[in-house]
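With this note's numbering, letter number 299 in the sequence shown gets 299, and the count goes up by one each step, no holes.
Here is the structure we will look at, set down as structure tokens.
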Amino acid sequence: MTPYERVWARMAGQPVDKVPNLNIAMALVAKCAGISYREYAQNYKKLVEGNLYCVEHFGFDAVSAISDPMRETASFGATITFPEDAVPHSTPALLQKDCDLSKLKIVSPYENDRTLDRIRAVELFREKVGGEIPIIGWVEGVLAECADLRGVTELMYDLAEDEEYLPELMEIVHDQQKAFAKAQVDAGADIIGVGNAVASLIGPSLYEEYAMDYDQKIVAYVHSLGAKVKLHICGNITPLLPLLRKVGPDILDIDWMVDYKAAVELVKDDPISICGNLDPVAVILSSTPQEVAEKAKACLAVGNARSMIAGGCEVPGNTPFENLIAMDRELYVK
1 MTPYERVWAR
11 MAGQPVDKVP
21 NLNIAMALVA
31 KCAGISYREY
41 AQNYKKLVEG
51 NLYCVEHFGF
61 DAVSAISDPM
71 RETASFGATI
81 TFPEDAVPHS
91 TPALLQKDCD
101 LSKLKIVSPY
111 ENDRTLDRIR
121 AVELFREKVG
131 GEIPIIGWVE
141 GVLAECADLR
151 GVTELMYDLA
161 EDEEYLPELM
171 EIVHDQQKAF
181 AKAQVDAGAD
191 IIGVGNAVAS
201 LIGPSLYEEY
211 AMDYDQKIVA
221 YVHSLGAKVK
231 LHICGNITPL
241 LPLLRKVGPD
251 ILDIDWMVDY
261 KAAVELVKDD
271 PISICGNLDP
281 VAVILSSTPQ
291 EVAEKAKACL
301 AVGNARSMIA
311 GGCEVPGNTP
321 FENLIAMDRE
331 LYVK
């Protein structure tokens, strides 16, 4: 089976020759492309090159336009800092204490260099592997993008205080989220990843009040475009799982501290593929190849016909290649 056939069959609960390997890699991709993180986040050709290396050498079953959460933030007008070998960030945050939303620039994803770079990556993926390997585009979850614009700590205080600016900001962000998702689907993305990590910092009540509706809306919107959705909320999302089931992504990533068996059991009657959840540091980075294979085997043992395997979050850049190879070998159906 091709990776595309494999992933689509697995999402449908159909037989596969190998459980899909959907590791998330960014620093590793930069390393495999022989470049700094700074260049990786700004050079779509190298991003594509590094992803294809991971497919060929480590058995990854998808390519991904992921690099950092600052694409949309840049398009809104924030100043982005690009460290040589670390994730880009915005300091200071674009929205300060006054939360002046007039500071936000509203532009097409095609009119900003950072969002356009991701679109170009998807286009190049389509040119090279379209229809053979699933192409994953990415957008920030609405709550996550609000944190990117305001600052995580500041947003947490604002949520607790139910600040008046929040509904308007979230609507603005959601409009841009849809535009960016559509641009990537139009460019060739088969799946849109929605990164909403900050949601793991709030409980179910705040998630339901502020974030759930927008996560549901982006899932429905991407589905209307004919693509699938992969929702990624790293951290311990155990308290959120019943709500995330209602959100209804096609693939739901779970981090290492979430019980894989319990998550699979929760969605057993839903068309949702649980994806995870080897500890990226303690297992994938720091263990032996045999130990990595055993952890993958343990996840396989409690999975179902839809579940997939990956690190709970990003695979570290310094992960021994033999560990990634051992993990992938374990995924073939015996």
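Just so it is clear, CB atoms sit at the ideal spot from N, CA and C, and this is done for glycine as well.
Range of the contiguous beta strand (DSSP E) that encloses residue i
i: ASN277; result: 273-278
i: MET308; result: 308-311
i: LEU231; result: 228-232
i: GLU117; result: Rather than Glu, the amino acid found at residue 117 in this sequence is Asp. Segment 113-129 is the alpha helix (DSSP H) holding ASP117; no beta strand (DSSP E) there.
i: GLY193; result: 191-195
i: ASP253; result: 251-253
Residues near residue i in its chain [Cβ-Cβ closer than 8 Å; skip 5 each side]
i: ARG6; result: VAL16, ASP17, LYS18, PRO20, ASP61
i: THR81; result: PRO88, HIS89, SER90, THR91
Residue i burial status per 10 Å Cβ neighbour count (16 or more: buried)
i: ILE135; result: buried
i: TYR157; result: exposed
i: HIS57; result: exposed
i: GLU209; result: exposed
i: THR2; result: exposed
i: THR115; result: buried
i: PRO249; result: buried
i: ASN51; result: buried
i: ASP253; result: buried
i: GLN96; result: exposed
i: ALA98; result: Note that residue 98 corresponds to Asp in the displayed sequence, not to Ala. Exposed, since its Cβ has fewer than 16 Cβ neighbours within 10 Å.
i: LYS230; result: buried
i: ALA262; result: exposed
i: ASP215; result: buried
i: SER224; result: exposed
i: PRO88; result: buried
i: GLY59; result: buried
Presumed contact (8 Å Cβ cut-off) between residue i and residue j, rounded CB distance
i: VAL55; j: VAL63; result: 6 Å
i: VAL315; j: ILE106; result: That belief does not hold up - the Cβ atoms of VAL315 and ILE106 are roughly 35 Å apart, past 8 Å.
i: GLY317; j: LYS45; result: GLY317 to LYS45, Cβ: 19 Å. No contact.
i: ALA197; j: ALA211; result: In fact, because the Cβ distance is near 11 Å, the residues do not count as touching under 8 Å.
i: ASP276; j: PRO239; result: It should be pointed out that residue 276 corresponds to Gly in this sequence rather than to Asp. Rounded, the Cβ-Cβ distance is 17 Å, inconsistent with contact.
N-terminal and C-terminal residue of the alpha helix (DSSP H) that residue i is part of
i: LEU22; result: From DSSP, LEU22 is part of no alpha helix (DSSP H); its letter is neither H nor E.
i: ASP148; result: 142-150
i: ASP215; result: 212-224
i: ILE172; result: 166-187
i: PRO242; result: 241-247
i: CYS32; result: 27-33
i: ASN323; result: 321-330
i: LYS261; result: 260-266
i: SER75; result: 71-75
i: MET11; result: 3-11
Close-in-space but distant-in-sequence residues of the same chain around residue i (CB under 6 Å, 5 per side omitted)
i: GLU330; result: ALA293, ALA296, LYS297
Own chain residues within Cβ distance below 7 Å of residue i, not counting five before or after
i: ALA227; result: VAL185, ALA189, ASP190, ILE191, ILE192
i: GLY311; result: ASN23, ILE24, LEU278, PRO280, ILE284
i: PRO69; result: GLU140, ALA144, ASP148, GLY195
Validate contact between the stretch 121-132 and the stretch 86-102 using beta carbons, cut 8 Å, 3 pairs: As far as the Cβ criterion goes, the stretch 121-132 does not touch the stretch 86-102, which means the pair count is below three.
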